[in-house]
Structure formats: C-alpha cells, structure tokens
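Quick note, in my numbering, the first sequence goes up one by one and the last residue is 1487.
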Amino acid sequence: MLDVKFIVENEAAVRRMLAERGAEADVDGILALAEKRRKLVFETDEKRAEQNRASEAIAESKKAGEDTTEAVAEMKALAAEVKELGAGVSELEAELHEKLLEVPNILHESVPPGETPEDNELVRSWGDPPKFGFPARAHYDLGEMLGILDVERAARVAGSRFAMTVGAGARLERALLSFFLDEASAAGYTEVFAPFLVNSAAMTGTGQLPKFGFDMYGVDGEDLWLNPTGEVPITNLHAGEILDGERLPLKYAGYTACFRREAGAHGRDTRGMMRVHQFNKVELVKITDAESSYDELESLTADAERLLCKIGLPHRVVTLCAGDLGFGAAKTYDVEVWIPSEETYREISSCTNYEEFQARRLQARWRNPRTGKPELVHTLNGSGLAIGRCVIAILENFQNADGSVKIPEALIPYMGGMKRIE
RNA sequence: GGAGAGGUGCCGGAGUGGUCGAACGGGGCGGUCUCGAAAACCGUUGUGCCUUCGGGUACCCAGGGUUCGAAUCCCUGCCUCUCCGCCA
C-alpha cells in the first residue's frame, strides 16, 4: 500500500507507474476522498472539542451540586451531530483504504521498462546446459519410468494438477528440503515452521487480498485460507509490531506447502509437477530498514542462487520488467533453472523487495534510534527454493541415456548415501 | 466438545461512569553525586490523525450499543489461561 500523502503529493509519479506496469487504479477517487476526509476530520475534531468542553462543564456543575438537566438536554443535539460526523469519517476512511489496497507499488528506478517476460533483463547466468548424446527426457517420463512420480494416483486422491513423489522421489524432496534449510541456517536465517493456513488479515498484509483471492483456496465457513506461499505466514509474523532497530535485519527461512488454484493457467504446463495445486517450498524472508533493503535483496538472491550452484544446476538471473512485476513488488529478480526437455530456463525462485508496501499494510515498523521515531520496515522474500521444480531440474539435468538419474554430490548425504536413482 | 477465568502502556499491576492517555512498582533514557561504578535522588519515557503550528482529536483486544460523558455498563467476535472430555 502506498501512503495517501505520497499519492497526493506525487500524483504524476503514481500515474506514470501505473502506465509502466500496464495497471489501473482509481487515482482520481483517492485524491477526492483524501480531500473530503481531511475536511471532515477537521470539522469532526472541532465539534468533539466543543463536546468535551461542555461535558467537563457539566461534571463541574454536578460536583458543585448545581442542576444540570438543562445543560444535558442541550448537549443531546451536539452529541448526535458528533456521532454522525464520526460515522461519516469512518465511512470515508474505509472507502479510501479499500481503494488504496488496490494500488500497486511504485517501481524501483532500476526496473527495466517492458510489458512481457521477453522484456526481462538478463543479469547473469551460471553453468552450461548439459549436452546429452541422446534426446532429453521430460521429468514426467523419467519419473514414471523410475517409479518415483505418480501423477495418476495423485489425481485419484485429489484431482488433476496434483503430483505425488514416491520412494527415491519422495526422499529427494525431503533431502532438498533439509538441504535448503540447513544452508539457510548456515547463512544466518532463523528456521521457522509457520502455519500453512492463514487468515484474511494476513493475506491482506502481504498483498494477496483483496485483489487475488481467486487464485487461492479458502476454507469453507471460516476466515482461513491455504497459504499460496510461505511469504504470507512468515512475513506476517511481525505485523503490528515496532521492532528494535538492533534486531534488523530479521532473516527467516521456513518450509511450507503452497496451495494455488492456478486460475487462468488452463492448458499451461499440464503434465507432471511443473505447475500443480500443491507444492513444497522453502521460503526466505527478510525484514530490514530502507537503508539496507537493496543490499539485502542482492544477498537474498545470491542465497537462493548459491543453492543451485551447490547442486550443480545451470541457471540464470533476470530482473523483471515493469509489466511483468508483481502487484506489491518494487523490484524482483527471478532465478531461472535450465529445463532440458523444454530447452529453456524456468522460474525456480522469485526474490523481491517490497520496500514499505507490505509493511504499511502490516503496520510493521522499527524504531530509528537516530530520531526515536517508528519507521516502516522494508520486507523482502524469495524462494530458497521451490522444491518440486528443483526435483524436475535434477531429474532432467542429471539424467543418463538409460533413464537413470545421478544424485548431485551435495545431496548424497541427505539421500542416505544414494548416488543414483534407477 | 463441556465448564470457568481473563484480555490495560516495554514488563508487572491498579483503576467508585466525569481533567484517566491512564495510579503504583520495575525496566529504558537523561541528569546530580563519584576517579569510575553501584546505591540514592531528580527528570523523562506510547501511537495515529487534523492543524490557522497555539493546539485539537482519537486509541486501555476488535466491532457495535447505552450516556451530555465509557478503560469503567450492555451485546457480538477474536485471543489467552485453568479444569474435564477427546485426540496426532
């Protein structure tokens, strides 16, 4: 969420941002409501002051033993007026808040212009795509051949777009999850096991609501949602708090299952476990101040990338262009891993600086010792990493001609010494 | 699921419906004293909004209600704790 004051004072910049993103928001409505609210608050406060003075006078009179029935009768009208004005202010504020929640974040100056993923900017790449002396098999074929991925039975118990790993496949998921969390701990992240179900307030705090409810699963009859990403429960951990500046940056790493309806993705990635309704992920979250947040974004991205290096998976990093950027993101690096069967790079981590956008919704602040005043924190997150897609990448990049798959060195200890899946 | 208790400032903990944004204690910060420290003493110590920058206004879990006036009374919700039952 943007500050109303910022919108009032930087109308042109806000409109420019909307144009660059190819997004829309009711800037006119916000400006009009803000001004209306300002005037009504002033009027209401004045009436309240009058009422408070009169009430005090009544208290004094009563103490002096005087008859107050007349004064009390006179106050009735004013009391009713104050009540009505107050209700008007609340209504305006609710309306304004609603509109503000639908304005996307401002863009960092380094975000490249562009409309589609084609316009994303390559930052760097690591490793070379493997050259096989045979046609590369897709993960769903390898998984089936090896008996470690069972989409059919997953569909039986849940439906289409669900995947289930079995045997060495399941072990590989657990290995990755442990490896990622161990690496995160070593890099200074605090490990958390947060709830997988979150309420509407949390979903609003990180920006999934009110605009993107269609892509999430809700729990019938309760104010609960299945979290679409670990970002939600973990970032919301410090909602409403004023943090001690010395504690920053806070760094968390947590495993969550992630649930997405994939509404609007019909026909895309329909086979295997590339795009499923439930997948596993280790999420990295940072809470820091404005001064350090872009340095923290670089190191967060490096933390995610290093995992791929240690496994030995070829990948690249791109900066998302304005049109491809998420609603609340000020800047995002996508880390993309090489997928041989598609002969392309696919997203495996998305590292984002939200600056104050989430913090303002969350009311997450820190106390600046220089000023003694609370300031909004900057929040960041990125996958470290998406486990399902990592399984895909490992199966495909480390496959042999006979369909067996070599376990990457770094994961062998986590696989109980297993060196190959065959 | 059943029965009960409770939610107040950084923490503990008061608070007859009328200067209560809130006693008192602890903590923090600043100061006096000291070579320094401790102790003692003094002062200070929440957040948002509006402002004609003098102030004003709101917030005692959240949302409603009663009242001229609510931290204090009423209703609803959420959360915490205790006991019983059930359960991974």
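For each residue, glycine too, the CB sits at the ideal point set by N, CA and C.
Predicted, not measured: the structure shown is a model, and the values here were computed from it.
Does residue 1473 pass the burial test, meaning 16 or more other C-beta atoms within 10 Å, or should it be called exposed? buried
Please report the residue range of the alpha helix (DSSP H) in which residue 1455 lies. 1452-1462
CA-to-CA distance, residue 1264 to residue 1288, given in whole angstroms: 6 Å
How far does the alpha helix (DSSP H) with residue 1298 in it reach, from first residue to last? 1296-1300
On the three-pair Cβ rule with 8 Å, is the segment 1333-1343 touching the segment 1204-1211? yes
Within 8 Å, do at least three Cβ pairs link the segment 1305-1322 to the segment 1406-1416? no
Got a sec: does the ligand PLP put a non-hydrogen atom nearer than 6 Å to the Cβ of residue 1096? No copy of the ligand PLP occurs in the structure displayed, which carries no ligand at all.
Since I believe residue 1086 is in contact with residue 1387 (beta carbons under 8 Å), could you give me their beta-carbon distance rounded to a whole number of angstroms? 5 Å
Does the Cβ of residue 1178 have 16 or more other Cβ atoms within 10 Å, making it buried, or fewer, making it exposed? exposed
Please classify residue 1253: does DSSP put it in a helix, a strand, or coil? coil
Drop a sphere of 10 angstroms on the beta-carbon of residue 1152, count the other beta-carbons inside from all chains shown, and report buried for 16 or more, exposed for fewer. exposed
Which ranges would you report for the alpha helix (DSSP H) in the segment 1207-1282 if only whole runs of at least 4 residues count? 1216-1222, 1233-1251, 1265-1271
In whole angstroms, what is the alpha-carbon distance linking residue 1161 and residue 1425? 15 Å
Any beta strand (DSSP E) of 3 or more consecutive residues that is wholly inside the segment 1402-1456: 1409-1420, 1430-1432, 1439-1441, 1443-1451
Comparing alpha-carbon positions, which option in 1381, 1466, 1314, 1067 lies nearest residue 1415? 1381
Is it true that the segment 1365-1383 meets the segment 1443-1461, where meeting means three or more beta-carbon pairs spaced less than 8 Å apart? yes
What does the Cβ neighbour count give for residue 1399, buried or exposed, with the cut at 16 atoms within 10 Å? buried
Taking the beta carbon of residue 1258 as the centre, do at least 16 other beta carbons fall within 10 Å, making it buried, or is it exposed? exposed
Residue 1318 - partner residues in DSSP beta bridges: 1256, 1349
Could you pull out every residue in the same chain whose Cβ sits closer than 6 Å to the Cβ of residue 1305, ignoring the five residues on either side in sequence? 1428
Does DSSP put residue 1079 in a helix, in a strand, or in coil? helix
Using the rule of at least 16 other Cβ atoms within 10 Å of the residue's Cβ for burial, across every protein chain shown, is residue 1295 buried or exposed? buried
I'd like to check one pair, residue 1067 with residue 1168: are the Cβ atoms closer than 7 Å? yes
Under three-state DSSP, which class holds residue 1204? helix
Cβ-Cβ distance between residue 1256 and residue 1314 below 7 Å: no
Looking only at its own chain, which residues have a Cβ that is under 8 Å from the Cβ of residue 1199, when we skip the five neighbours before and after it? 1466
Once DSSP output is grouped into helix, strand and coil, what is the label at residue 1472? coil
Measure how close the beta-carbons of residue 1365 and residue 1437 come, nearest whole angstrom, since I'm counting them as under 8 Å. Their Cβ separation, rounded to whole angstroms, is 29 Å, which puts residue 1365 and residue 1437 out of contact at 8 Å.
Unbroken beta strand (DSSP E) run spanning residue 1354, endpoints: Where residue 1354 is concerned, there is no enclosing beta strand (DSSP E), given that its DSSP letter is neither H nor E.
Residue 1329 to residue 1391, Cα distance in whole Å? 16 Å
Just tell me which of 1144, 1099, 1125 has its CA closest to the CA of residue 1156. 1099
Going by DSSP in three states, residue 1109 sits in which element: helix, strand or coil? helix
Following the continuous alpha helix (DSSP H) through residue 1380, name the residue where it begins and the one where it ends. Premise fails: residue 1380 lies in the beta strand (DSSP E), 1380-1384, not in any alpha helix (DSSP H).
Give the range of the beta strand (DSSP E) segment to which residue 1186 is assigned. 1186-1191
Residue 1138, buried or exposed, once every other Cβ within 10 Å from all chains shown has been counted against 16: exposed
Distance, residue 1229 Cα to residue 1214 Cα: 6 Å
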